[in-house]
Structures are given as C-alpha cells and as structure tokens.
Amino acid sequence: SQQGEEDPQALSIQEGENATMNCSYKTSINNLQWYRQNSGRGLVHLILIRSNEREKHSGRLRVTLDTSKKSSSLLITASRAADTASYFCATERDSNYQLIWGAGTKLIIKP
Amino acid sequence: EAGVAQSPRYKIIEKRQSVAFWCNPISGHATLYWYQQILGQGPKLLIQFQNNGVVDDSQLPKDRFSAERLKGVDSTLKIQPAKLEDSAVYLCASSVRVRTEAFFGQGTRLTVV
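For the protein sequence lines, the chains are A and B, in the order given.
Just so we're aligned: 18 in our numbering is position 18 of the first sequence, and the numbers increase by one with no gaps anywhere.
Just so we're aligned: 93 in our numbering is position 93 of the second sequence, and the numbers increase by one with no gaps anywhere.
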C-alpha cells in the first residue's frame with residue numbers, strides 16, 4: 001500500500017524558476033526521504049530528514065517536515081534542465097522498517 | 001565505490017515461464033530491498049532483508065514470487081510462473097542499515113508476453 005502521496009502529480013516550469021513539491025503521509029514515521037528518478041541515472045537519493053528535524057538543505061534543495069500535519073515539501077531553487085525527472089517521497093515507519101513510496105511528481109523544466 | 005549491480009537489464013518471457021533476477025549490493029550494506037515499479041507508479045516494496053534474514057515480505061505474492069539472500073550478500077528474486085501483470089521494472093536497493101538512505105541499481109525491465 002502507498003504511504004505517501006505527492007502533490008502535484010505533474011509540474012512544468014521555466015528554467016530558473018523554483019519548483020515546490022509536497023508529500024503527505026498517514027502514519028507515524030521515523031524519517032522521510034526524497035528521491036529523484038530519470039531515465040539516465042535511475043533512482044537517486046536526495047535528502048533524508050528525520051522525524052525530529054524540521055528543515056534540511058542540500059545545495060539547491062530544501063526539505064521541510066511538519067509531523068503535526070504529516071507532510072513534507074521539497075523546494076528546488078533556480079531550476080535547470082537537468083532537474084527534469086520524477087520526484088518521490090518515501091517514508092520509513094516508526095513501528096517497523098518499511099520504506100513506503102508515493103506515486104511521484106513529474107517535473108519538467110522548460111528551457 | 002561500486003554501486004548496486006543487477007542483472008539482467010532486460011528480460012522478455014512468455015506467461016507461465018519462470019525468471020530470476022540477481023542483485024549484488026554495495027559491500028558492507030546490511031539491508032537489501034527488492035521493489036517492483038510499474039510504469040507511472042512509485043516503487044512497491046516486495047521484500048526487505050536485514051543481513052540474510054527477512055524483515056518484511058508482506059507485499060510479496062508468495063504463491064509465485066520467492067527471494068533469498070545467500071550469506072547476507074547477493075540476492076535473487078524469482079517469479080514462477082509469470083503473469084502478464086508482472087511486467088514491470090524490478091529494482092534492487094541496499095543501505096548500510098535500516099533508517100538510512102538507500103542506493104538503487106539500474107533495475108531489470110521485465111516484459112511478460
């Protein structure tokens with residue numbers, strides 16, 4: 001069963017703009033992870049944020065986590081054509097070690 | 001550092017045939033995952049190993065799918081007999097331990113005709 005749900009399902013923006021994707025989940029989690037998938041490099045880990053953290057940065061990526069709302073957001077600043085990919089959130093439950101995935105957001109960066 | 005290796009990359013079989021996939025995780029990684037990803041969907045966990053023990057196989061169709069992890073290193077996933085709906089990409093991933101980032105292989109694209 002899918003734990004996370006990404007929103008929007010698809011997003012198309014101009015190069016240089018910022019992209020924001022959201023993830024909602026249902027049960028208590030230990031951590032939430034964001035991954036990127038494109039045809040060239042497969043699935044690649046971006047950021048892991050633990051349930052006791054509220055915000056994390058990695059280069060042009062910023063992830064926030066609100067455990068009270070059971071939601072997370074991924075912000076990509078100054079987007080580039082190479083950011084075109086599908087972005088997935090995956091949650092690792094607190095009660096077990098399952099890593100459960102959403103259906104992803106398809107991001108298209110227009111030149 | 002070598003990544004997660006999977007083989008074969010592509011496989012086409014007829015329904016009711018059997019197929020096996022192989023995965024070699026990153027050296028030293030205790031946790032190994034097998035996922036099924038259908039086009040347009042997120043990965044679905046099939047089975048998770050911690051060393052050579054099964055942590056979770058609740059979503060593995062055990063009447064046709066089986067997996068093992070020999071000596072806590074390599075792993076094989078088998079489907080017997082295959083159905084049309086098994087057409088998907090089968091992804092193997094590993095992590096140092098649970099609660100850490102997972103590293104994925106390139107996957108095996110299975111087509112059942």
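All C-beta atoms, glycine included, are put in the ideal place defined by N, C-alpha and C.
Note to self: With H, G and I counted as helix, E and B as strand and the rest as coil, what does DSSP make of G72(B)?
What the structure shows: Looking up residue 72(B) in the second sequence gives position 72. Helix.
Next item on the list: Indicate the three-state DSSP secondary structure (helix, strand or coil) for D63(B) in the structure shown.
Entry: By one-based count along the second sequence, residue 63(B) stands at place 63. D63(B) falls in the coil class under three-state DSSP.
Margin query: Can you tell me where the beta strand (DSSP E) holding Y90(B) begins and where it ends?
Written below: By 1-based counting over the second sequence, the position of residue 90(B) is 90. From DSSP, the beta strand (DSSP E) with Y90(B) extends over A88 to S95.
Note to self: Measuring alpha carbon to alpha carbon, tell me which residue in D86(B), T111(B) and S27(B) is nearest A5(B).
What the structure shows: Locating residue 5(B) in the second sequence gives position 5, counting from the first residue. When each option's Cα is compared against that of A5(B), the closest is S27(B).
Check: Taking Cβ positions only, does Y90(B) come closer than 8 angstroms to chain A?
Finding: Numbered from its first residue, the second sequence carries residue 90(B) at position 90. Not closer than 8 angstroms to any Cβ of chain A, the Cβ of Y90(B) fails to qualify, so no.
Notebook entry, point to check: Relative to the alpha-carbon of P8(A), which residue among D66(A), S24(A), E15(A) and E17(A) has its alpha-carbon at the smallest distance?
Noted result: Numbered from its first residue, the first sequence carries residue 8(A) at position 8. Scanning D66(A), S24(A), E15(A) and E17(A) for the CA closest to the CA of P8(A) turns up S24(A).
Notebook entry, point to check: In the structure shown, what three-state DSSP assignment does L39(B) receive?
Noted result: Locating residue 39(B) in the second sequence gives position 39, where the first residue counts as 1. Of the three classes helix, strand and coil, the one that applies to L39(B) here is coil, per DSSP.
Next item on the list: Indicate the three-state DSSP secondary structure (helix, strand or coil) for D83(A) in the structure shown.
Entry: Your numbering for residue 83(A) matches position 83 in the first sequence. In the structure shown, D83(A) sits in a helix (DSSP, three-state: H, G or I).
Note to self: For the structure I just gave you, are there three or more beta carbon pairs, one from the stretch 38-48 of chain A and one from the stretch 13-25 of chain B, closer than 8 angstroms?
What the structure shows: no
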